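**Student:** Could you have a look at this structure, given as structure tokens, before my questions?
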Amino acid sequence: MEYQSRDRLLSAVWPHIESFNTFLSVGLKNIVKNLPKIYVDSGFVQDDCELNAAYSPIEYLRIGVTSAKIGKPIFGNSESAGTKLTPQHARNGHISYSAPLWLEFECYNSFSETVSKQSVYAGTIPIMVKSSSCHLFGLGTKELVERGEDPNEVGGYFIINGNERVIRYVIQQRCNYPIGLKRPRFATFDSFGSEYAILMRSLRDDGTSTANYLYGTSDHQCIYRVLLNRQEWLIPFWPLLMAVGSIYDSNILRSKILQYCNPKDENLFNTINMLTLEWGFDNSIGVDSEFSSASFGNKGPGDTDILENRYLHYIGRLVWEGVSFHLPPGSLLQEAGRFLIDNYVLVHLEEWNAKLECLILMFIKLIKLQLNEIREESIDSFAYQELLSPGNLYSALFKDAIFSFLQKIRSTYLIEMRSKNSEKNKETKDGGNLLRDMSYFKSTLSKNIAMIPKRLQYFMATGNVKTTQLDLQQLSGWTVVADRLNFNRFLSHFRAVHRGQFFTTMKTTDVRKLTGETWGFLCPVHTPDGEPCGLLLHLSQDCIPVTQWDSQETLRRLRNYLISHGIPCDDGLGSLSSAWGIESSSRDDLHSPDLSKSIPVMLDGRVMFHIPREDFTAWENKLRTLKWQTSPSVLPVHAEIACVPPDSGMFSGIYIFTVPGRLVRPIMHLETAQVDWIGPLGQPWMNIGVTEEETQKSTELLEIQKRLIGISDTESEQQLKDDLKVLKKLIKDNDRVLSSVPVNYTHMELHPSTILSITASLIPYAHHNQSPRNMYQCQMLKQTMGTPCLNHQYRTDNKMYRLLTPQEPTIITKGYSSFGFSEYPTGTNAIVAVMSYSGYDMEDAMILNKSSYERGMFHACVYKTKIISAAPPSATKKSDAESFFFHNVGPDGELVVKELSADGLPNIGQRLTKGSPICRVERIGSGGPSNAIVQTYHDDEVAYVEKINRIASGISIEFQQDSLSGGGGDGPSNSSGYGEKVSIKLRVVRNPMVGDKFASRHGQKGILSMLWPQENMPFSESGMVPDILFNPHGFPSRMTIGMLLESMGGKAACIHGARNLDATPFNINISDDLSRSEENCVTDKVNEKTTVDYFGKALERAGFQYYGCEPLYNGMTGVELPCHIFMGVIYYQRLRHMVADKAQVRATGPIDALTRQPVKGRKRHGGIRFGEMERDSLISYGVSSILLDRLLICSDEHRAYVCPKCGLIISPISKKAIAQSMSSSKLSNCIPPIAVCRVCKSPCRIITLPYIFRYLSNELAAMNIVIRLNLQQEDIPISN
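So in my numbering, the last one in the sequence shown is 1725, and the numbering has no gaps at all.
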């Protein structure tokens, strides 16, 4: 693969790897910094949290994490294991690719004031392949091949128990942006509640996030919602605002709020002015004196005892129960309020004055929303969404696992102290001794430390999350298996975006709709049909998720730039200015004089400064140029600048985002000819041209109209006429441009096809097809048998499909060549004739040339891996399991089972049929070979042994073909189970057969109906025989015009010897090898031809008809067919849906114990459901006997007694016909029992009916509903 293609292929997966690298380099440090400490106090009273405030603790422990270190993957689970583990070993050994984790804990004792640190080996945690902690990081193609990897290995996945799993992208709310919502359920949070709220999801620097809601009320006394331990806590907004704003004087605080209100806007100004007066902003309640340390004993402080800030005390009292265990013993209620503001209120901001600015902005937006001055924003709109990257999710789960471990340590201490201080040990209380016992601290760490890696391994293996802290929208479905059915399917797992598990159960279709904000970010056609339609989406080919943290560095550079240009900042960084070496500004310079006539500029949710409304466009251009003007640039290249203009009906402002999780895509900035990366929030407010022709003509039209409008009477009439002529010509030549309202484009798309995903970009001439057919092709391409990888001989996947004779298509797109898919072909170039020939091509059936099949066309194989354990399932103990071993040599030195080798395993290349021995197991001390166990091959298909690996000790040892010895060897401790295990890779030949599924690249799927002999196939004048006969009725209804174009182009390319013809969607210019072979059309301009005309003339030059039709002759009669047949070359794919996997035949078999009907499922030897539509079909034919056989005799035929008098089938009971006195007679045993109705005491009759009818009768009888039958025989009623 060329370097450019390989580089672009790796870039499609690189965001996964880069996000995990960010976790390793930045996330670990921030997790340790932000992780709260736990406190163990012997005087803690759990049942009375309110009385635990402000008391004097005797002694307590403070336990926290000071450092975390992750190594590189090794074998085993012990710290002493030093053998390097590679991804290839993990796959073949069916173990997890994990690296060691070391944590350092700090324990502080308040009594002795000593600090002790303890470094603990926690175990191994899963590591992403090709991340910075992976052994493949930074390796080239040659080194990858030497280690048994694919030369184009992309990485980005985890290996769990030998399976490759991917953390999927999931859509979440945009972080650090206030979203205005309107929902009826918001009115239920308060008696004065309203339908309006502001949502601000704040992102911490360790990857975790929390949602902050500001609920509006009818009296504008808003409510602020925070989430503690996944529980909602509601706090009055004004006390919170007063607590955060206590760093300011009351007059300054009031003026800061009123600055956003224009006195001319009486409604808004009067509302906020009355609220500030009501809450006493005009009184002196700003910064009170410092609180002097005091001990309240076991009594909680009252409001009159507060000496510092009553608002912090009030908030702390509300949330004390939720945050008390985070605080040191004896903390005040105000400290609980301070902890809440620091860690749960706008956590993306550290400084309180920055939090205050953001809270005021949220409040102003909420009031404007309630007063209908701005429109609400839809949370389902993609503009207000972003992705949760794998690195951020892994970082959040890692932090949650460590915090859960710390809570476990705290509870262990409390339980132990409670047991020591119980009634029996009252005289010998030793809680303090336990806190000072460092040996107990070390033992507690070592006993419980394994829960951290176990949580991460459980998450990767199942995709489920166990948490009480994280604010996640779902707790399951986070990871999926990255199966390598083919390379396209494998790659699509890294580009898939899921809307969320919750939305799959919603009845509304709003979340599934394709909105304009997704243009260029999400592919409009690559989504499955059916239930997940619109919920499982895929990124466009040039769209990338941002994964790096640039917030702090960008904040420093932008503030430095603003101060150097004399622009005052409102970012609240006055305390950090000296630390950053920036001149500090006075407090008076922090605010613009009139914010009511200005627009805020925010950086990652931080109010930086305000600009005048009339300078909005100038500042928009200035901020965009900051991304490439200087080196290093002030703003990152991938920074998103969303400019909401004033008077747009929305809350205007300029929002700059640099945090990870955002989606950005490249477009061309016309003024500077630079590539500008934009996001979905700012895209609706930008003027972006799709094509270069549209952009140029719209610009010319706009300039002409400006001149026409500005022409005065003194201008010459000739200039006016010339402009009018040009204007009419532009409107006539280009009817796609809005002639009446031309657009002043500032940006232009790099290419129109960039809106498609990687998979959709491989469809040739996709813009000529019906959209549903492109959707089908995106799904069928991922089900195609092709080349899944280039190292399949070294892999032992559970199931892998491989096409043996793949080809590169003659018609390709730019996406096919730029991503290097030529090394992973998925089909074959086939000569296709569009015609009806025999009755075997009706509907979607197709005929395949038998000689083409015999030459190897569409031949394939399936690789299956079976894991065989020497120990039986009953051997649960290690000693019992290790006593079993594979062996096949008898006491005389001869092979016991001739089909197996000396090691008890089959030979490489051995043919296995059903019942063939697959291994032989002996047990130490079992008494000889007679007690050996021989396991056999149970599948119906013939298979060939491809490869055998020993995985008993966790090390994969490959078998050579000439190996006769076991070759197990001693190794590290087995991490995948006790006893010997082997994985046997089998190859099953799957050549095409009738019933297999095929498809073109345009969603035209078909079933192979017949392998037609070549001598009976139609042929052309030149003797060319088609490979496939396609029914012409497949084109009119499906409108796959792209397939017709591909047929013409493929035929022209084969005739002229050209290859790789460009069929990129929306591509007007034609430039390829075929154009360079033209000889008779030199004067024609290639870019002015249509695709049909281009290929038609190329076929005419070769002696064919314009559209590629040609006369064919009947292969059976030799007579020329009455019409010319459209025949060309089309790239066909073989799908994985094969008859061998779905053929299901059954005469008798297992039945359901409850209904007595056949069970369903091919693996359970069940039956095929004969449903209502199938029944109607047979009724239309009048085949009543077949209906009786299918629905009764072969299903649940049942003989039951029914009373002819009352018609009940639940009342008959069997009794002996002979009296008890005659029981000694020999005839009594010969007389069958007679059923008698328990209700009417009359004899019953036997009838045949479905057993499910009896089941229904019993169920209805339980509800006191009875079913009565009327018996008839030859239309004569039976009553007794």
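All residues carry an ideal CB built from backbone N, CA and C; glycine is no exception.
Remember, it's a predicted structure, so these values are computed and weren't measured experimentally.
So, under 8 angstroms CB-CB, P1463 and G1560 are touching, yes? Tell me the CB distance rounded to an integer number of Å.
**Tutor:** Stepping through the sequence shown from its first residue, residue 1463 is reached at position 1018. Stepping through the sequence shown from its first residue, residue 1560 is reached at position 1115. At roughly 5 angstroms, the Cβ-Cβ gap stays under 8 angstroms, so P1463 and G1560 are in contact.
**Student:** Can you give the Cα-Cα distance for N608 and L1201, rounded to whole angstroms?
**Tutor:** Within the sequence shown, numbered from 1, the residue matching residue 608 stands at position 163. Within the sequence shown, numbered from 1, the residue matching residue 1201 stands at position 756. If you take the alpha carbons of N608 and L1201, they lie about 30 angstroms apart.
**Student:** Pairing CB atoms from the stretch 1046-1062 with CB atoms from the stretch 1097-1114, are three or more of them under 8 angstroms?
**Tutor:** yes
**Student:** What number of angstroms, rounded off, separates the C-alpha of G1354 from the C-alpha of I1429?
**Tutor:** Working through the sequence shown from its first residue, we reach residue 1354 at position 909. Working through the sequence shown from its first residue, we reach residue 1429 at position 984. Those two C-alpha atoms are separated by around 11 angstroms.
**Student:** What's the gap between the Cα of R1004 and the Cα of L673?
**Tutor:** For this step, residue 1004 is matched to residue 559 along the sequence shown. For this step, residue 673 is matched to residue 228 along the sequence shown. In a straight line, the C-alpha of R1004 is about 34 angstroms away from that of L673.
**Student:** Expressed to the nearest angstrom, what Euclidean distance is found between the alpha-carbon atoms of T528 and R592?
**Tutor:** Taking the first residue of the sequence shown as 1, we reach residue 528 at position 83. Taking the first residue of the sequence shown as 1, we reach residue 592 at position 147. So the alpha carbons of these two residues sit roughly 15 angstroms apart.
**Student:** Would you tell me roughly how many angstroms separate the C-alpha atoms of K1530 and T1536, rounded to the nearest one?
**Tutor:** Position 1085 of the sequence shown, counted from the start, is the residue given in the question as residue 1530. Position 1091 of the sequence shown, counted from the start, is the residue given in the question as residue 1536. In this prediction, K1530 scores a pLDDT of 43, lower than 50, which makes its location untrustworthy; no coordinate-derived value is stated.
**Student:** Whole angstroms are fine: how far does the CA of Y669 sit from the CA of Y500?
**Tutor:** Taking the sequence shown and counting its residues from 1, the one referred to as residue 500 is at position 55. Taking the sequence shown and counting its residues from 1, the one referred to as residue 669 is at position 224. The straight-line gap from Cα to Cα measures roughly 29 angstroms.
**Student:** With a threshold of 16 other CB atoms inside 10 Å of the CB of K1450, please say whether the residue is buried or exposed.
**Tutor:** Sequence index remark: in the sequence shown, residue 1450 carries index 1005 (1-based). It counts as buried.
**Student:** What does the Cβ neighbour count give for A1211, buried or exposed, with the cut at 16 atoms within 10 Å?
**Tutor:** Locating residue 1211 in the sequence shown gives position 766, counting from the first residue. Per the 10 Å Cβ criterion, buried.
**Student:** Where DSSP assigns a beta bridge to L1307, which residues make up the other side?
**Tutor:** By one-based count along the sequence shown, residue 1307 stands at place 862. Here residue 1307 turns out to be Val, not Leu, going by the sequence shown. Answer is Y1246 and V1433.
**Student:** Expressed to the nearest angstrom, what Euclidean distance is found between the alpha-carbon atoms of L984 and V942?
**Tutor:** As a working note, residue 984 is residue 539 in the sequence shown. As a working note, residue 942 is residue 497 in the sequence shown. So the two alpha carbons sit approximately 7 angstroms from each other.
**Student:** Please state whether DSSP places W1122 in a helix, a strand or coil.
**Tutor:** Position 677 of the sequence shown, counting from 1, holds the residue named residue 1122. Secondary structure of W1122 (DSSP, three-state): strand.
**Student:** Which residues in the same chain as P969 place their Cβ atom closer than 6 angstroms to its Cβ, once the five residues preceding and following it in sequence are excluded?
**Tutor:** Working through the sequence shown from its first residue, we reach residue 969 at position 524. Answer for P969: L959, listed in chain order.
**Student:** Within 10 angstroms of its Cβ, does L698 collect 16 or more other Cβ (buried), or is it exposed?
**Tutor:** Taking the sequence shown and counting its residues from 1, one reaches residue 698 at position 253. Answer is buried; the Cβ neighbour count reaches 16.
**Student:** Can you tell which of A1444, S1445, R1446 and P1437 has the C-alpha that lies nearest to the C-alpha of W1457?
**Tutor:** Sequence index remark: in the sequence shown, residue 1457 carries index 1012 (1-based). The residue with the shortest Cα to Cα distance from W1457 is P1437.
**Student:** Does the distance from the C-beta atom of H1114 to that of V991 stay below 8 angstroms?
**Tutor:** Taking the sequence shown and counting its residues from 1, the one referred to as residue 1114 is at position 669. Taking the sequence shown and counting its residues from 1, the one referred to as residue 991 is at position 546. No, the pair does not count as a contact, with Cβ atoms beyond the cut-off.
**Student:** What residue does the alpha helix (DSSP H) around M1488 start on, and which one ends it?
**Tutor:** Locating residue 1488 in the sequence shown gives position 1043, counting from the first residue. Its alpha helix (DSSP H) spans residues I1486 to H1501.
**Student:** Just to confirm, are S464 and S996 a CB contact at a threshold of 8 angstroms?
**Tutor:** By one-based count along the sequence shown, residue 464 stands at place 19. By one-based count along the sequence shown, residue 996 stands at place 551. No, these two residues do not count as a Cβ contact at 8 angstroms.
**Student:** What's the C-alpha gap between N1066 and E1555?
**Tutor:** On the sequence shown, residue 1066 is found 621 positions in, with the first residue counted as 1. On the sequence shown, residue 1555 is found 1110 positions in, with the first residue counted as 1. Each residue's Cα considered, the two are about 60 angstroms apart.
**Student:** Quick one: measure Cβ to Cβ for I1452 and D1286, integer angstroms, because I've assumed they're closer than 8 angstroms.
**Tutor:** In the sequence shown, the residue the question calls residue 1452 occupies position 1007. In the sequence shown, the residue the question calls residue 1286 occupies position 841. No, I1452 and D1286 are not in contact; Cβ-Cβ is about 10 angstroms, not under 8 angstroms.
**Student:** Taking M1220 as the reference, give the member of I1570, S691, T1485 and P623 with the closest Cα.
**Tutor:** Start at 1 with the first residue of the sequence shown, and residue 1220 comes out as number 775. When each option's Cα is compared against that of M1220, the closest is T1485.
**Student:** From the DSSP secondary-structure annotation, give me the bridge partner or partners of M1053.
**Tutor:** For the purposes of this step, residue 1053 is taken as residue 608 along the sequence shown, with counting starting at 1. Answer is none; M1053 lacks a bridge partner.
**Student:** Tell me the DSSP secondary structure of V1366 in three-state form.
**Tutor:** In the sequence shown, residue 1366 corresponds to position 921, counting from 1. Of the three classes helix, strand and coil, the one that applies to V1366 here is strand, per DSSP.
**Student:** Can you tell me whether G823 is helix, strand or coil according to DSSP?
**Tutor:** The sequence position of residue 823 within the sequence shown is 378, counting from 1. A small correction: the amino acid at residue 823 is Ser; Gly does not occupy that position in the sequence shown. Here S823 sits in coil by DSSP.
**Student:** Okay, do the stretch 944-961 and the stretch 632-640 touch, 3+ Cβ pairs below 8 angstroms being the bar?
**Tutor:** no
**Student:** Output needed for E598: all residues of its chain with C-beta closer than 6 angstroms, excluding positions within five of it in sequence on either side, in chain order.
**Tutor:** For the purposes of this step, residue 598 is taken as the residue at position 153 of the sequence shown. Correct list, in chain order: L589.
**Student:** Suppose you measure from the CA of S1659 to the CA of F1331; what does that come to, to the nearest Å?
**Tutor:** Indexing the sequence shown from 1 puts residue 1659 at position 1214. Indexing the sequence shown from 1 puts residue 1331 at position 886. Counting only the Cα atoms, F1331 lies some 58 angstroms from S1659.
**Student:** I want to know whether the stretch 1295-1309 touches the stretch 1249-1267 - three or more CB-CB distances under 8 angstroms.
**Tutor:** yes
**Student:** According to DSSP, Q618 sits in a beta bridge with which residue or residues?
**Tutor:** Translated into the one-based positions of the sequence shown, residue 618 becomes position 173. Bridge partners of Q618: Q830.
**Student:** For the alpha helix (DSSP H) that contains N893, what are its first and last residues?
**Tutor:** Reading the sequence shown from its first residue, position 448 is the one you call residue 893. Here the alpha helix (DSSP H) through N893 covers M883 to N893.
**Student:** Pull up the distance between the alpha-carbon of A1543 and that of N606, whole angstroms please.
**Tutor:** Indexing the sequence shown from 1 puts residue 1543 at position 1098. Indexing the sequence shown from 1 puts residue 606 at position 161. Straight-line Cα distance between these residues: approximately 55 angstroms.
**Student:** Taking only three categories from DSSP, how would you classify T1748?
**Tutor:** Not covered by the structure: residue 1748. The range shown for the chain is 446 to 1725.
**Student:** Whole angstroms are fine: how far does the CA of M862 sit from the CA of T873?
**Tutor:** Translated into positions along the sequence shown, residue 873 becomes position 428. Translated into positions along the sequence shown, residue 862 becomes position 417. Summary for T873: the model assigns pLDDT 49, below 50, so the residue's position carries little reliability, and this model does not support an answer.
**Student:** Please go through the same chain and pick out, in chain order, the residues whose beta-carbon is closer than 6 angstroms to the beta-carbon of Q1665, but skip the five residues on each side of it.
**Tutor:** As a working note, residue 1665 is residue 1220 in the sequence shown. Because Q1665 carries a pLDDT of 49, less than 50, the predicted location of this residue cannot be relied on, and the following value inherits that uncertainty. Same-chain partners within the cutoff: there are none.
**Student:** Taking the C-alpha atoms as reference points, what is the distance between I1012 and P1077?
**Tutor:** Start at 1 with the first residue of the sequence shown, and residue 1012 comes out as number 567. Start at 1 with the first residue of the sequence shown, and residue 1077 comes out as number 632. Near 21 angstroms, if we compare the C-alpha coordinates of P1077 and I1012.
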